[in-house]
């Protein structure tokens, strides 16, 4: 008997009656309202170790965008926004909060996005339901850089398509979304924020679908003539056949293994006026129905519920965009085929003391990626065999330019090195399919800004390692067991210097490592998902910076129920927010 191909069943069977009933309690509460019920031992409700956004102790106002909004179809849910009269700004902090719930029953994980004046302000996926208790979770995002959006009345909408009443799917998802505005004072001044935030759109749609490696979505902009710095915030979410793109194999064996194609390498490509302008690594998000749904209750994967955008520095191009003529910004995904949902927001910073800023691009060595593929997998006519697929790619480039501003000539040099490697060990036999992947993706980005005789640098190191072991085994009675384990990390180091002297350093580490055994039970109508077993999970989140801030939380899970919460253990000086 030929086994189901890798991943085929995990996105077509809803995870329903496997999990123990959770105790009441919420997941991540606001920094102002933490409670002892936030994490309940024995609970199967969503539990994440991510910290809340730090708020200043200043006067603040809340504006509700949508309250207890039901998502039971594919229609956008519209809202109107009016700036808070009692908190007119300037603001030291603007925070988005979202509180979700999903009814008990049967449902897939879903993708949720919120757009404000066309700009994406939230992107994430949802939990799959528990059997008999409503699941809840809380997300937050610091939107201070987007403050200019919130100074005037706006319209927006939430997009969270969800089918109810078809194919046994019956769980409605609900959401309440707010913006919090914290006024500035002497101790908490308003930071410099973008003067304009503009979405890259395709036919007026800010959620872009990239369905091939040659698909590039371009948006034409006529930018303010005094723009002196520009950035692009990018999120690229894998969907459909390449949802687990980091498990994909080379095209010569993909169809025989019933696996996804185009290898395990993806990368977002950014262009300005058709010229290569930057790249963004794709984070290997796994959704709560991905690989094996039993892995992700109650701890979801890294950032599963709340994606973090990757910021691309386009400042070297600023001097070429200030001529009052239309210019294009393009977005594509290397090796995409089916498909990626992408959002991209252009952030512009203006010179308020000059009507026009001039300059030029002086260097651009970025070229298209050229990954190397080595495939030793040998398969017979039935698709049975074994071997290793290795994919590597290295990008090493410099982009530089200058602008002549009211405060003199400012030169910007962006240097970036990206290294990707995937090693997949594959065994396909008559009774088993095993694929073990070890993927590493590292990025070193260094921006040097020269202003007169002085210079500053910002260096950021990202690491996106993921290891997955996936083993299907055919049982004597026709059932299929699937043993899965995942180790998924997000690591970031940031160092700012002035004249070569460090002035700020921070480090972030977020790791989730679950394991589970799923059982697929054979019946006359096919396979259905049975009781999972041997499940455990752990999440560790640590943030530290040179200002003395530290946050540390570790969660542990056994048999899909929370067993432990430890706060502050990694904070050397004892501070924990």
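Residue numbers (our numbering): 25 to 601.
For each residue, glycine too, the CB sits at the ideal point set by N, CA and C.
Whole-angstrom Cβ separation of residue i and residue j, contact assumed at under 8 Å?
i           : j           : result
residue 320 : residue 538 : 7 Å
residue 352 : residue 297 : 6 Å
residue 355 : residue 241 : 5 Å
residue 70  : residue 324 : 7 Å
residue 443 : residue 466 : 5 Å
residue 409 : residue 398 : With a Cβ gap of about 16 Å, residue 409 and residue 398 do not count as contacting.
Along the alpha helix (DSSP H) that carries residue i, what are the first and last residues, could you check?
i           : result
residue 275 : 275-278
Under 9 Å, do residue i and residue j count as touching if we go by C-beta distance?
i           : j           : result
residue 183 : residue 158 : no
residue 148 : residue 330 : yes
residue 345 : residue 218 : no
residue 435 : residue 249 : no
residue 490 : residue 510 : yes
residue 135 : residue 261 : yes
residue 215 : residue 116 : yes
residue 562 : residue 541 : no
residue 480 : residue 374 : no
residue 168 : residue 119 : yes
residue 567 : residue 530 : yes
residue 326 : residue 513 : yes
residue 482 : residue 520 : yes
residue 108 : residue 87  : yes
residue 130 : residue 212 : no
residue 97  : residue 186 : yes
residue 485 : residue 518 : yes
Which one or two residues does DSSP pair with residue i in a beta bridge?
i           : result
residue 441 : 420 and 468
residue 299 : 296
residue 180 : 103 and 140
residue 385 : 425
residue 457 : 452 and 496
residue 380 : Its beta-bridge partners do not exist; DSSP assigns none.
residue 260 : 366
residue 304 : 292
residue 513 : 535
residue 431 : Residue 431 is not bridged to any residue.
residue 463 : 446 and 490
residue 551 : 546
residue 315 : Answer is none; residue 315 lacks a bridge partner.
residue 221 : 371
Considering just the uninterrupted stretch of the beta strand (DSSP E) at residue i, what are its terminal residues?
i           : result
residue 490 : 490-498
residue 588 : 585-591
residue 526 : 525-536
residue 115 : 115-126
residue 479 : 478-487
residue 159 : 159-166
residue 85  : 84-95
residue 236 : Here residue 236 belongs to no beta strand (DSSP E), and DSSP marks it neither H nor E.
residue 574 : 574-582
residue 204 : 197-207
residue 361 : Careful: residue 361 lies outside any beta strand (DSSP E) and carries neither H nor E.
residue 335 : 334-337
residue 561 : 557-569
residue 12  : In the structure displayed, the chain extends from 25 to 601; residue 12 sits before or after that span and is not available.
Report the rounded CA-to-CA distance for residue i versus residue j, giving the unit in angstroms.
i           : j           : result
residue 433 : residue 532 : 34 Å
residue 417 : residue 266 : 19 Å
residue 459 : residue 494 : 5 Å
residue 587 : residue 497 : 29 Å
residue 164 : residue 200 : 12 Å
residue 385 : residue 306 : 27 Å
residue 545 : residue 500 : 12 Å
residue 454 : residue 582 : 32 Å
residue 178 : residue 89  : 11 Å
residue 592 : residue 575 : 6 Å
residue 54  : residue 80  : Note that residue 54 has pLDDT 33, beneath the 50 cutoff, so the model's placement of it is unreliable and no number is given.
residue 51  : residue 590 : In this predicted model, residue 51 has a pLDDT of only 28, less than 50, meaning its place in the structure is not dependable; the value taken from the coordinates is given anyway. Taking the straight line joining both Cα atoms gives about 15 Å.
residue 171 : residue 230 : 19 Å
residue 472 : residue 322 : 43 Å
residue 291 : residue 548 : 43 Å
residue 595 : residue 569 : 11 Å
residue 358 : residue 65  : 43 Å
residue 92  : residue 198 : 6 Å
residue 338 : residue 254 : 5 Å
residue 28  : residue 503 : With a pLDDT of only 41 at residue 28, under 50, the local geometry of the prediction cannot be trusted, and the value read off the model is given with reservation. Spanning the two alpha carbons is a distance of roughly 11 Å.
residue 237 : residue 244 : 21 Å
residue 585 : residue 133 : 19 Å
residue 83  : residue 572 : 24 Å
residue 44  : residue 68  : At residue 44, the pLDDT of 32 sits below 50, so the modelled position is not reliable; the number obtained from the coordinates is stated separately. Taking the straight line joining both Cα atoms gives about 7 Å.
residue 228 : residue 104 : 19 Å
Return yes when the C-beta of residue i is under 8 Å from any heavy atom of the ligand FAD, and no when it is not.
i           : result
residue 174 : For the ligand FAD, the structure offers nothing, since it holds no ligand at all.
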